[in-house]
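Chains as they are written, first to last, in my numbering: chain P, 1 to 372; chain E, 373 to 677. For glycine and all other residues, C-beta sits at the position ideal for the given N, C-alpha and C. Note that the structure is predicted; figures quoted are calculated from it, not measured.
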């Protein structure tokens, strides 16, 4: 009975998809976590994509055809992402803006590659996404390893000659971040006093904190997530230390401040600049606000992903994924995020990270252009 | 030297928390002869109940810290004890006379139930509280600027542990309930024949173990400032190791084992590498068990005929 229902559902879904594809429109998809714990981000992506499609259609569509949008839910689950990808590929949709989680984008990309679907992610920053030499992937957000460069630049500028320590949590994300920062720091002539790893999920960092104290470390760079970083900071303050903690974009989470309390003041982290503040986004942000939507987080990144694809399709004169991808990698595209160029792997050519700082009230803000 | 002293403090506090949880393992093993794998999760439940009580009291407008602490302590002990009693009643008692592995499997299942129940009821994210007990003392400052810091919460954790250990040692060795417990430990059938209510005694053991786990959960919440649904697993494994190292079935042994694991982890992280601290702790466990199969303070089990 259950399997019957499932077949019915699948049949209905394929009907819905094919009916959209049979129309004169070109159907594109946005895929992300529309349900589940990360559904706030999925909603942002859907808002961005819907607005982009409406704007593109208002401006005449692409190559004489209107765009239609399909929103698909992966719930940030790799298995579901894969089946969503197969569904999209089966419906011969030429382009998908998605997914959100790197762990969804990566398995899905293989199904898209087989099914001739072009994939641009607005949010997945894991280097692996573009490092597997797939022809069909690109992103309009930064890469985790680029953060290390920016962090190292900041440290080299403000903490030269002082004691630095680097910690990591042994995860793909955390270790990658710590290693890139270390590489860039060593290149700049700074050698860290200490390089250690801890286990993600640990709660007691007192031993390592005492070691930092012994080495008189003034800045500790943590390649890891906000929970452990928050605990390390809290235990440093408990042991009477004033060491500054610096980390990556995982700290852009209000939960960090609720773990540290006011002690989190002064913590630094790298994160993409808020696209809402960019001059290129001004008009579109107003259009969103007029509809009662705050284009926060990944809304504008998704908007930009659709812009890149549409412009490339116009230039290439076809929606064939392979030809469009060649065009994307060769050109320069005007988006809501500013001009975008994409390299042969599918990564952004420009580095899109800045340093943020937490204040005592539990908010973070971009550091001034001076970097101080 | 100062560095050593600071690490010693770190290790003692961590070891105290392990010890508090380990007592629950060791008590149940001593009396029922089973490993209560759900105990780590009962500890996690205790932490959550403490957190919820805190939030309720603060939202009621209470500000006197000693009053809040006392109420939180009592409420979390009471409710967690109820959990302990219920778990024994529904998951272990029906299987008590079944084959030996049955209650252990039931305990593992219970552990999953509690973990997933908290995840569904409370969400998967960590639940932090703002730093509640702050401040501390600078014990010593050396010439190169290294200070030995002892925080109030660390003092509180260690004192609570010592006091509780004293109370429970007294309870087991001097009271009627303690005598019943020791009788059940030696021979349940004989104890029943002599008028000891075995069911009630075993229930009480679980209630006391759960109440202790609640205290550990509260200390954990205050010391680290957060709880999450998965914290019972790692803490439970460590505490179980501590109980085995100290000699399972022995109360002072559990405490000693907890302190040993805490100190080994801390000093290994302090002088070698943080990465291999668990490897160090478990290696020492293996070495100890090779030379002292019953643990540090355990008595060799006499086969009952």
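Item	Value
Is there a Cβ of chain P sitting closer than 7 Å to that of residue 648/E, yes or no?	no
Please compile the residues from chain E whose C-beta is within a distance smaller than 9 Å of the C-beta of residue 216/P.	516, 517 and 518
Using the DSSP secondary-structure output, state which residues sit across from residue 322/P in a beta bridge.	For residue 322/P, which the question treats as bridged, DSSP gives no partner whatsoever.
Please report the Cβ distance between residue 169/P and residue 224/P, rounded to the nearest whole angstrom; I am assuming they are in contact, meaning their Cβ atoms lie under 8 Å.	4 Å
Run down chain P in chain order and give the residues with a C-beta less than 8 Å from the C-beta of residue 642/E.	207, 210 and 211
Check distances from the C-beta atoms of the region 380-401 of chain E to those of chain P and list, in chain order, the residues that come in under 7 Å.	382 and 386
Give the interface partners of residue 258/P over in chain E, defined as CB-CB distance under 8 Å, in chain order.	500 and 502
Between residue 1/P and the rest of its own chain, which residues show a CB-CB distance below 8 Å, the 5 nearest in sequence each way excluded?	For residue 1/P, the predicted structure reports a pLDDT of 48, less than 50, and the residue's modelled location is therefore unreliable. A value from the coordinates is still provided. Cβ within range, chain order: n/a, list empty.
When you compare only the Cα positions, how much space is there between residue 412/E and residue 607/E?	6 Å
Any contact of the region 539-549 of chain E with the region 379-392 of chain E, i.e. 3+ C-beta pairs under 8 Å?	no
What is the C-beta distance between residue 147/P and residue 248/P, in whole angstroms, given that I count them as a contact (C-beta under 8 Å)?	5 Å
Considering only their Cβ atoms, is the gap separating residue 217/P from residue 239/P smaller than 7 Å?	no
Alpha carbon to alpha carbon, what distance is there between residue 398/E and residue 622/E?	6 Å
Quick one, which of 671/E, 610/E and 650/E has its alpha-carbon nearest residue 393/E's?	610/E
Under the assumption that residue 324/P contacts residue 118/P (Cβ atoms under 8 Å), give the Cβ distance between them as a whole number of angstroms.	6 Å
Taking 7 Å as the CB-CB cut-off, is residue 320/P touching chain E?	no
Measuring only between beta-carbons, confirm whether residue 378/E sits less than 7 Å from chain P.	yes
State the DSSP-derived secondary structure class of residue 592/E, mapped to helix, strand or coil.	helix
For residue 599/E, which residues in the same chain have their Cβ closer than 6 Å to its Cβ, ignoring the five residues on either side in sequence?	419, 420, 423, 499 and 593
Can you give the Cα-Cα distance for residue 149/P and residue 155/P, rounded to whole angstroms?	10 Å
How is the beta strand (DSSP E) around residue 358/P delimited, first residue to last?	354-358
Relative to the C-alpha of residue 345/P, which residue among 198/P, 142/P, 245/P and 269/P is closest?	142/P
Got a sec: which bits of the region 604-616 of chain E sit with their beta carbon under 7 Å from any beta carbon on chain P, in order along the chain?	606
By how many angstroms is the C-alpha of residue 311/P removed from the C-alpha of residue 67/P?	13 Å
Taking Cβ to Cβ, would you say residue 96/P is nearer than 7 Å to residue 29/P?	yes
State whether the region 453-470 of chain E contacts the region 190-205 of chain P, with contact taken as three or more CB pairs (one from each stretch) at a distance under 8 Å.	no
Taking three-plus beta-carbon pairs below 8 Å as touching, is the region 298-308 of chain P in contact with the region 347-366 of chain P?	no
Mind checking residue 469/E: buried by the 16 CB within 10 Å criterion, or exposed?	exposed
Hey, would you say residue 233/P sits closer than 7 Å to residue 165/P, going by beta carbons?	no
Under the three-state reduction of DSSP, which class applies to residue 168/P: helix, strand or coil?	strand
Hey, is residue 509/E's beta-carbon within less than 7 Å of any beta-carbon in chain P?	no
Throw me the rounded Cβ distance for the residue 264/P and residue 503/E pair, which I believe falls under 8 Å.	Not quite, the Cβ-Cβ distance comes to about 11 Å (not below 8 Å), so this is no contact.
Starting from residue 198/P, find everything on chain E with Cβ-Cβ shorter than 8 Å and list it in chain order.	646 and 647
The beta strand (DSSP E) that contains residue 548/E, what's its start and end?	Looking at the DSSP string, residue 548/E is not in any beta strand (DSSP E); the run it does join, the alpha helix (DSSP H), is 548-558.
Nearest CA to the CA of residue 111/P: which residue from 91/P, 270/P and 125/P?	91/P
Which residue's Cα is closest to the Cα of residue 508/E: 519/E, 501/E and 664/E?	519/E
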